[in-house]
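Trainee: Sharing a structure with you now.
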Amino acid sequence: MTVPIKFLLVDDLEANLVALEGLLKRDGLELLKAHSGPEALELLLQHDVALALLDVQMPEMGGFELAEIMRSTERTRHVPIIFLTAGVVDQERRIQGYETGAVDFLPKPIDAKVLLNKAEVFHALAKQRQDLRRANEQLARSNAELERADRSKNEFLAMLAHELRNPLAPLRNAALALKNRNLDGEQHDRIIAMIDRQVGNLSHMIDDLLDVSRITEGKIELRCQPVELQSLLGSAATAAAESIRANGQELVLDLPAEPLHLDADSTRLEQIVGNLLTNACKYSGTGSRISLSARAAGTPDKPEVEIRVADNGNGIAPELLPRIFGLFVQGSRTIDRTNDGLGIGLTIVQRLVQLHGGTITAHSGGLGMGSEFVIRLPSLASYAQAPSPKSPVESARALRILIVDDNRDSADSMGMLLEIGGHEVTIAHHGTDALAKAEEFQPEVVLLDIGLPGMDGFEVARQLRGNPAHRDAFLIAVTGYGSDEDQTRAKEAGFDQHLVKPADLRKLRGWLQEVGTQ
15 MTVPIKFLLV DDLEANLVAL EGLLKRDGLE LLKAHSGPEA LELLLQHDVA
65 LALLDVQMPE MGGFELAEIM RSTERTRHVP IIFLTAGVVD QERRIQGYET
115 GAVDFLPKPI DAKVLLNKAE VFHALAKQRQ DLRRANEQLA RSNAELERAD
165 RSKNEFLAML AHELRNPLAP LRNAALALKN RNLDGEQHDR IIAMIDRQVG
215 NLSHMIDDLL DVSRITEGKI ELRCQPVELQ SLLGSAATAA AESIRANGQE
265 LVLDLPAEPL HLDADSTRLE QIVGNLLTNA CKYSGTGSRI SLSARAAGTP
315 DKPEVEIRVA DNGNGIAPEL LPRIFGLFVQ GSRTIDRTND GLGIGLTIVQ
365 RLVQLHGGTI TAHSGGLGMG SEFVIRLPSL ASYAQAPSPK SPVESARALR
415 ILIVDDNRDS ADSMGMLLEI GGHEVTIAHH GTDALAKAEE FQPEVVLLDI
465 GLPGMDGFEV ARQLRGNPAH RDAFLIAVTG YGSDEDQTRA KEAGFDQHLV
515 KPADLRKLRG WLQEVGTQ
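Under the numbering used here, the final residue of the sequence shown carries the number 532; numbering is consecutive throughout.
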C-alpha cells in the first residue's frame with residue numbers, strides 16, 4: 015500500500031490556502047491546511063510532513079515563531095520549511111528564518127513555476143526516503159526470514175542427527191547380542207523383531223526426506239486407480255494400531271457402511287492417513303483417544319469424501335497452527351523429547367493431498383484441547399466393481415540368483431535370506447567378476463547394485479542384455495536412489511524392476527514367485 019506524501023500549508027487567509035491547494039494538488043500528495051500556528055502544531059503531531067509552507071505574518075503565532083517551535087521538537091525538527099511573505103524581509107529577519115530551519119523564502123504573489131519546481135524537489139526527496147524506508151523494512155523482514163530459515167535448518171540437522179542415531183544403538187546392541195550362542199528362541203525372536211522395527215524406522219525417515227525432495231522438485235507422480243476408501247483406511251489403522259496400543263491410547267474407527275470410492279494412488283493415500291495417525295499417536299500423549307472417521311461429502315455435481323483424524327490430547331499451540339504444514343515446523347521440544355521428529359511429515363501429507371486434488375486443514379482449540387486434521391478429496395460418483403482377482407499363483411520353484419554388490423555385508427545378508435528361501439545363490443562384488451560368474455552360473459535372476467566401482471550397474475546390465483545367454487534373465491536394479499528419473503534410467507539399461515535399499519522383501523518375493531512359475 016502506497017502512503018501519500020504530505021505537505022503542510024499554513025496561512026490565516028482561506029483564499030491563500032485554496033490557491034496553494036489548487037496549484038500543488040497532484041496524485042500521491044496529501045495537502046494538510048491550517049489557518050494558524052496552533053492548528054498547524056496539532057496537524058504536525060498527527061502526521062509526518064515532508065514540507066511545510068508557512069506564512070510569515072499571522073495573528074497569534076507568526077511563521078517564525080511556529081518554525082522555532084518545530085525546531086525545538088524532535089518529531090518536527092527536520093521538516094523543511096519554505097516561508098511565504100507578502101512584505102520585504104530584511105537581512106536580519108532572513109537570517110533568523112534560516113536559523114529556524116528555513117530552506118527558502120518566496121514572496122507573494124507567488125511565482126507558480128518557482129513554487130512547483132521547489133515542491134517537486136521536496137516531493138521527490140520524500141518519495142526517495144519513503145522507498146528507502148520501505149526497502150529497509152523489506153530487507154529487515156527478509157533478514158528475519160533468513161535467520162528463521164537458518165535456525166530451522168540448524169534445528170532440523172540436529173534433529174536429523176539425533177533421529178538417525180536413535181536406531182543405531184539398538185541395532186548395535188542387537189548385533190552384539192546375536193553373537194551370544196546361549197540365546198533362547200524367545201530372545202532370538204525379540205532381537206530379530208527389534209532389528210526389523212529399527213530398520214523400518216530408518217527407512218521411513220529416509221523415504222520422508224526423499225519425498226520432500228521429490229515433491230519440492232515436482233517429481234512425484236501418482237499412480238491413480240479406483241480405490242475403496244474403507245479398505246484403505248482399515249489398512250492404515252491396522253498398521254498404526256500396535257504403536258497406539260503400546261502408548262496406552264485408544265483407536266476408534268467410524269467408517270460408513272456404504273462403500274466409498276475415489277480415484278487415488280492407494281500407496282500414497284495410505285501414507286497420508288498413516289502419517290496423521292502416527293502423529294496423533296506420537297504427539298497427543300499417553301492415554302489419549304484417537305479417532306479415524308470418513309463420510310461422503312460435497313455435492314452431486316462435485317462429490318467428495320471427508321476423512322478426519324482427531325485426538326483429545328495435547329493440542330496445537332495457537333501460534334503454531336497457521337504454519338503447521340510448513341517445512342521443518344515442529345512444536346516446542348521438552349526435556350523428555352516427546353516432540354522429537356524431523357518436521358517434514360505434515361508437509362508431505364499436505365503436498366500429497368494437493369496432488370490428489372484435495373485439501374487438508376488443521377484445527378485445535380489450543381494446548382491441551384486436542385487436534386483434528388480434515389481431508390477432503392474428490393470421489394467417484396459411480397464405480398463399476400472390478401472383477402475378482404485370480405487365485406494366488408502356485409509356489410515358486412528354487413531359482414539361480416546372482417547378487418552383485420560391492421558392499422559385502424549387504425550382499426552376504428541378502429544371500430543368506432535367499433538361501434534360507436531355498437534358492438541357489440552366488441555373489442560378485444564388482445562388474446567384471448559379475449560378468450564372469452554370470453557365464454559360469456547362468457543366473458535366472460540378477461540382483462545388481464547400481465553404484466559399483468569401475469563398471470557401474472547400468473553398464474553391467476547392458477552387457478548382460480547384449481549376451482544371448484542372459485537375454486532372458488530377470489534383472490533387478492538395487493540402489494539407494496529411487497526417483498522416477500533413476501527408474502527410467504534403469505529401464506533403459508535393460509532392468510526389469512527397480513528395488514530401493516533397504517530392499518522391500520515382499521516385492522522381491524513377488525517378483526521371484528513370478529519368475530519361478532514361468
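Positions of the beta carbon are idealized from the N, C-alpha and C atoms, including for glycine. These numbers were taken from a predicted model, which means no experiment stands behind them.
Round the Cβ separation of alanine 412 and glycine 436 to the nearest angstrom and send it over; I've been treating them as touching at under 8 Å.
Mentor: The residue given as residue 412 occupies position 398 in the sequence shown. The residue given as residue 436 occupies position 422 in the sequence shown. Right, the Cβ-Cβ distance comes to about 5 Å (below 8 Å), so this counts as a contact.
Trainee: According to DSSP, simplified to helix, strand and coil, what is glycine 312?
Mentor: As a position in the sequence shown, residue 312 is number 298, starting the count at 1. The answer is strand: DSSP assigns glycine 312 an E or B state.
Trainee: Going by other Cβ atoms of all chains shown within 10 Å of its Cβ, with 16 needed for buried, is glutamate 386 buried or exposed?
Mentor: Counting from one through the sequence shown, the residue named residue 386 turns up at place 372. That one is buried.
Trainee: For the beta strand (DSSP E) containing alanine 376, list its first residue and its last residue.
Mentor: Indexing the sequence shown from 1 puts residue 376 at position 362. Start and end: 373–377.
Trainee: Quick one, which of Tyr297, Ile96, Glu56, Val63 has its alpha-carbon nearest valine 17's?
Mentor: Residue numbering aside, residue 17 sits at position 3 when the sequence shown is read from its first letter. Nearest option by C-alpha distance: Val63.
Trainee: Just to confirm my understanding: we take aspartate 221, look at its own chain, exclude 5 residues before and 5 after, and list those with CB closer than 6 Å. What are they?
Mentor: As a first step, residue 221 is located in the sequence shown; it is residue number 207 there, counting from the start. Closer than 6 Å at the Cβ level, and outside the excluded window around aspartate 221, lies no residue.
Trainee: Grouping DSSP H, G and I as helix and E and B as strand, with all else coil, what is valine 459?
Mentor: As a working mapping, residue 459 is identified with position 445 in the sequence shown. Strand at valine 459.
Trainee: Between the region 150–161 and the region 194–204, can you find at least three pairs of beta-carbon atoms closer than 8 Å?
Mentor: no
Trainee: Quick one: residues in its chain with C-beta nearer than 6 Å to the C-beta of threonine 348, no 5 flanking neighbours on either side, listed in chain order?
Mentor: The residue given as residue 348 occupies position 334 in the sequence shown. With a pLDDT of only 39 at threonine 348, under the threshold of 50, the placement of this residue in the model should not be trusted; the figure read from the coordinates follows. Contacts found: none.
Trainee: Is the Cβ-Cβ distance between isoleucine 234 and leucine 369 less than 8 Å?
Mentor: Residue mapping note: residue 234 aligns to position 220 of the sequence shown, counting from 1. Residue mapping note: residue 369 aligns to position 355 of the sequence shown, counting from 1. In this structure, isoleucine 234 sits near leucine 369, with a CB-CB distance shorter than 8 Å.
Trainee: Would DSSP call lysine 39 helix, strand or coil?
Mentor: Position 25 of the sequence shown, counted from the start, is the residue given in the question as residue 39. DSSP places lysine 39 in coil when its eight states are reduced to three.
Trainee: Check whether the region 322–340 and the region 243–252 are in contact - that is, three or more C-beta pairs closer than 8 Å.
Mentor: Fewer than three pairs of CB atoms, one per stretch, sit closer than 8 Å, so the region 322–340 makes no contact with the region 243–252.
Trainee: Straight-line CA distance for threonine 373 to aspartate 463?
Mentor: Reading the sequence shown from its first residue, position 359 is the one you call residue 373. Reading the sequence shown from its first residue, position 449 is the one you call residue 463. Spanning the two alpha carbons is a distance of roughly 39 Å.
Trainee: By DSSP, does serine 346 sit in helix, in strand, or in coil?
Mentor: The sequence position of residue 346 within the sequence shown is 332, counting from 1. Reliability fails at serine 346, whose pLDDT of 46 lies under 50, so the model's placement of it is uncertain and the value that follows must be treated cautiously. Note: serine 346 maps to coil in three-state DSSP.
Trainee: Could you tell me which uninterrupted alpha helix (DSSP H) segments, each at least 4 residues in length, are contained entirely in the region 57–81, listed from first to last along the chain?
Mentor: none
Trainee: In this structure, does DSSP put histidine 443 in helix, strand or coil?
Mentor: Mapped onto the sequence shown, residue 443 falls at position 429. In the structure shown, histidine 443 sits in coil (DSSP, three-state: anything other than H, G, I, E or B).
Trainee: Rounded C-beta distance between alanine 376 and isoleucine 330? I'm assuming under 8 Å.
Mentor: By 1-based counting over the sequence shown, the position of residue 376 is 362. By 1-based counting over the sequence shown, the position of residue 330 is 316. Confirmed, Cβ separation roughly 7 Å.
Trainee: Using CA coordinates, which residue listed in Pro457, Pro314, Arg155, Met72 is at the minimum distance from leucine 394?
Mentor: Looking up residue 394 in the sequence shown gives position 380. Considering only alpha carbons, the answer is Pro314.
Trainee: Just reading off the alpha helix (DSSP H) that glutamine 527 is part of, what are its end residues?
Mentor: Counting from 1 along the sequence shown, the entry for residue 527 is found at position 513. Element bounds for glutamine 527: 519–530.
Trainee: Smallest Cα separation from valine 241: which of Gln263, Ile258, Asp277?
Mentor: Position 227 of the sequence shown, counted from the first residue, corresponds to residue 241. Comparing Cα positions, the closest option is Asp277.
Trainee: Quick one, are the C-beta atoms of asparagine 421 and glycine 359 less than 8 Å apart?
Mentor: As a working mapping, residue 421 is identified with position 407 in the sequence shown. As a working mapping, residue 359 is identified with position 345 in the sequence shown. Not a contact, by the Cβ cut-off of 8 Å.
Trainee: Would you call isoleucine 109 buried or exposed, if buried means 16 or more other Cβ atoms sit within 10 Å of its Cβ?
Mentor: Within the sequence shown, numbered from 1, the residue matching residue 109 stands at position 95. Burial call: exposed.
Trainee: Do you know offhand how far glutamine 244's Cα is from arginine 309's?
Mentor: To locate residue 244, count along the sequence shown from 1; it is residue 230. To locate residue 309, count along the sequence shown from 1; it is residue 295. Each residue's Cα considered, the two are about 10 Å apart.
Trainee: Could you tell me if serine 86 is buried or exposed, where buried requires 16 or more neighbouring beta carbons within 10 angstroms of its beta carbon?
Mentor: Here residue 86 refers to the residue found at position 72 of the sequence shown. Of the residues assessed, serine 86 falls on the exposed side of the cut-off, its CB having fewer than 16 other CB atoms within 10 angstroms.
Trainee: From glutamate 438 to arginine 228, what distance separates their C-alpha atoms?
Mentor: For this step, residue 438 is matched to residue 424 along the sequence shown. For this step, residue 228 is matched to residue 214 along the sequence shown. If I take the Cα positions, the gap works out to 37 Å.
Trainee: Between alanine 81 and alanine 116, what straight-line distance do the alpha-carbon atoms span, to the nearest angstrom?
Mentor: Position 67 of the sequence shown, counted from the first residue, corresponds to residue 81. Position 102 of the sequence shown, counted from the first residue, corresponds to residue 116. Cα to Cα, alanine 81 sits roughly 8 Å from alanine 116.
Trainee: If I measure Cβ to Cβ from alanine 507 and keep anything under 7 Å in the same chain, skipping five residues before and after, which residues do I get?
Mentor: Within the sequence shown, the letter at position 493 stands for residue 507. Result list for alanine 507: Phe472, Ala475, Arg476, in chain order.
Trainee: What does the Cβ neighbour count give for glutamine 263, buried or exposed, with the cut at 16 atoms within 10 Å?
Mentor: Walking along the sequence shown from the start, residue 263 turns up at place 249. Buried: at least 16 other Cβ atoms inside 10 Å.
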